[in-house]
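Quick note: the sequence shown uses numbering that gives the first Met the number 0, first residue 0, plus one each step.
Don't be surprised by glycine CBs; every beta carbon is placed ideally from N, CA and C.
Presented below is the structure to which this report refers.
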Amino acid sequence: MAIKLNEKYLRQITDVVNSVSVARWWDVLEQPQFDNLVLSVAKLHHPRLSERDAHMALIRGLLDCMDGFNLPSLKSPVPEELERRVRNAIFEKLRTLIESFPWDFEVKFPLPRFENFGPFEFDLSESVVLRNALDEPQPHGLQALRVSTGRRLIQICVKANGYADSDPGGNAVSQAISRAKQVLYFLDTFSLSTWFHGDVRSEETYAMVSQERVAIRLPDSLTNYLCGLTPKSDLMTIYGNESGTLLGGALRAADTPEERVEALSLKLDAAKTFFSREAHADFEAIGAAMEWYIDSVTADNQTFAYIAACIGLEALLGYGTDDPSDKMEAMSVRLSDRYGFLLGVGRADREKLSNEFREMLKLRGKLVHARNKRLNADQRAKLYGVQNMLSSVIRQEVKTMTSTNTKRA
C-alpha cells in the first residue's frame, strides 16, 4: 500500500539532495546523508525491504533520474537553471519511489520442457500459481534484443511483496525463489531432469513489476534445471471412463493437451495439500528440506550436492533439541535410528536402512572436515543414494503431515 512521507523523511531526502554535486552526482552514494536515508527507508518498510533492498532501490532511482538529463562534461560548469531542475527531479524521484514501496509483483520461473499442455491456471496456494499462458514481451533496447514470440509457456508464478531487481539475493525475490524450489520438489517427483540443449539465456526468470519485466539472474545450475525439467510420459496418466469402478476406470496415458492438464492437476494434489498446511508446526522444516533437495540436485559441485542433501536429512530427522556439541557418533546413532524407523518395514529393513544412513554420515564427515576434497567414482554413486534418501524422507513427512491435522510440537 502506497504511503505519504512525513516531514522526517522529506527532510532526509532534502539532506541528500543538498549534498549532491550535480557534476559528480554519484559521489552522493558515499555521503552519510545517503546512508541515513537508506537506513530510514529499510526501517520504514521493514520487513518487506531489507537494508540491501533500500540501498539498491535508491541507487536505481538516482540512475533513472539522471538518465533523463544531458549533463555537460565534467570540465564544464553546470548551468544554474539545469542544476535547479536536476535537484528538484532527484527530490521528486526519491520521494515517489519511497512512497511506492512495497511493490506487489510476481516472480515467474520458466518450465519450457513442460510442453503439449492446454491452457490452465492452478492455484497451489495463496501466493503460488502454476500457469500456462502467453509469455510477456521483452523490452527492446541494448539490454534485451529479444521480443516475445507469442508462445505459450508454463511458469511457476510466485506472488511477492517488496522490491525487485536482477539480484536473486533481494528480500522478496529470495523468498519467492525459496517457494519455487518447494514447488520444484513436487514437480521433480514425476519428472526427469535432462540437459537443455537450447539457449538458457532465452528462458529467463523475471519479475513483472507494474507491467515492467525485470530479469532475475538465477544461478546457471538452477536455470539449467528449470529448462531441462521434463514430465515423464508414463507418469502423465488419468483415469479412464470405464464404468463399474469407483474411480472411473483404470489409469491410462494422457494423450491430448487437455488430458495432460488433467493429469498434471492430479499430480499436483499433494502440493496443494502441503501448501494448505502452512500453519502446521512441521511446515517450515519440511519446506526447508525441499529447498536443500533442490539445491543438491541442481548443484554443479558434487561435494556441495552431497553435503546439501545431508543437511536436508539432518534438518528433518533432528528434533530441534539435539545439542550441536554432542559427539558426532552419538548424534549419528540417533539420526540413523530415526531414519530406519521412519522408512523401515520390519526389524531387518530398519537395521539395513540405519546402517546405510550411518555410512552416508561417515562420508559427510570426511567431506566437511576436508579429509576428502571431492567425490571419487565409488562415492559419486552414494551421492544419488543420499539424494534418494532425502526425497524419501520428505515424501514420508509430507504424507504424515497432510494425513492429519495434528500439530507436532
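Near residue i, which residues of its chain fall below 6 Å by C-beta distance, leaving aside the five closest residues on each side in sequence?
{"i": "E50", "result": "A41"}
{"i": "L221", "result": "T297"}
{"i": "S124", "result": "F274"}
{"i": "P101", "result": "H44, R47, N160, G161"}
{"i": "C64", "result": "A88, I89, K92"}
{"i": "K7", "result": "none"}
{"i": "T193", "result": "G227, T229"}
{"i": "H54", "result": "V37"}
Please say whether residue j and residue i have beta carbons closer to each other than 9 Å?
{"i": "A441", "j": "F108", "result": "With the chain running from 0 to 408 in the structure shown, residue 441 is simply not present."}
{"i": "V15", "j": "V27", "result": "yes"}
{"i": "A269", "j": "V397", "result": "yes"}
{"i": "Y162", "j": "L48", "result": "yes"}
{"i": "M207", "j": "F104", "result": "yes"}
{"i": "A252", "j": "T236", "result": "yes"}
{"i": "R394", "j": "T255", "result": "no"}
{"i": "G60", "j": "L96", "result": "yes"}
{"i": "I89", "j": "Y184", "result": "no"}
{"i": "L62", "j": "V21", "result": "no"}
{"i": "V77", "j": "A175", "result": "no"}
{"i": "E350", "j": "G384", "result": "no"}
Between residue i and the rest of its own chain, which residues show a CB-CB distance below 8 Å, the 5 nearest in sequence each way excluded?
{"i": "W291", "result": "A307, A308, I310, G311, A314, L389"}
{"i": "L9", "result": "R94"}
{"i": "K3", "result": "E98"}
{"i": "N115", "result": "P256, R259"}
{"i": "D233", "result": "A252"}
{"i": "S177", "result": "G286, E290"}
{"i": "G67", "result": "A88"}
{"i": "F33", "result": "V15, S18, V27, L57"}
Tell me whether residue i is buried or exposed, calling it buried when 16 or more other Cβ atoms sit within 10 Å of its Cβ.
{"i": "T403", "result": "exposed"}
{"i": "Q181", "result": "buried"}
{"i": "D52", "result": "buried"}
{"i": "N223", "result": "buried"}
{"i": "A56", "result": "buried"}
{"i": "W25", "result": "exposed"}
{"i": "L133", "result": "exposed"}
{"i": "Q210", "result": "exposed"}
{"i": "G417", "result": "Outside the displayed span of the chain (0 to 408) sits residue 417, for which this structure offers no information."}
{"i": "L316", "result": "buried"}
{"i": "A278", "result": "exposed"}
{"i": "A288", "result": "buried"}
{"i": "A75", "result": "Position check: residue 75 holds Ser in this sequence, whereas Ala was assumed. By the 10 Å Cβ count, S75 comes out exposed."}
{"i": "A284", "result": "buried"}
{"i": "D348", "result": "exposed"}
{"i": "D164", "result": "buried"}
{"i": "G345", "result": "exposed"}
{"i": "G169", "result": "buried"}
With a cut-off of 8 Å on the beta carbons, I'd call residue i and residue j a contact; round off their distance for me.
{"i": "D19", "j": "R86", "result": "Looking at the sequence itself, residue 19 is Val, so the reference to Asp does not match. 7 Å between Cβ atoms; contact."}
{"i": "R151", "j": "N131", "result": "6 Å"}
{"i": "L191", "j": "K231", "result": "6 Å"}
{"i": "C226", "j": "E203", "result": "No, C226 and E203 are not in contact; Cβ-Cβ is about 10 Å, not under 8 Å."}
{"i": "S295", "j": "Q386", "result": "6 Å"}
Between which residues of its own chain and residue i is the CB-CB distance below 7 Å, once the five residues before and five after are set aside?
{"i": "F121", "result": "V128, L129, S264, L267"}
{"i": "Q11", "result": "N35, L36, S39"}
{"i": "N17", "result": "none"}
{"i": "L374", "result": "Q301, T302, Y305, L382"}
{"i": "S173", "result": "P167"}
{"i": "Q30", "result": "S18"}
{"i": "S126", "result": "V157, K158, R178"}
Between the region 295-312 and the region 209-217, can you find at least three pairs of beta-carbon atoms closer than 8 Å? The count of Cβ pairs closer than 8 Å, one atom from the region 209-217 and one from the region 295-312, stays below three, leaving the stretches out of contact.
Sufficient close CB pairs (3 or more, under 8 Å) joining the region 265-277 to the region 378-388: Verdict: no, contact absent.
Please determine if the region 251-262 and the region 151-163 are in contact, where contact requires at least 3 C-beta pairs separated by less than 8 Å. No, the region 251-262 does not touch the region 151-163.
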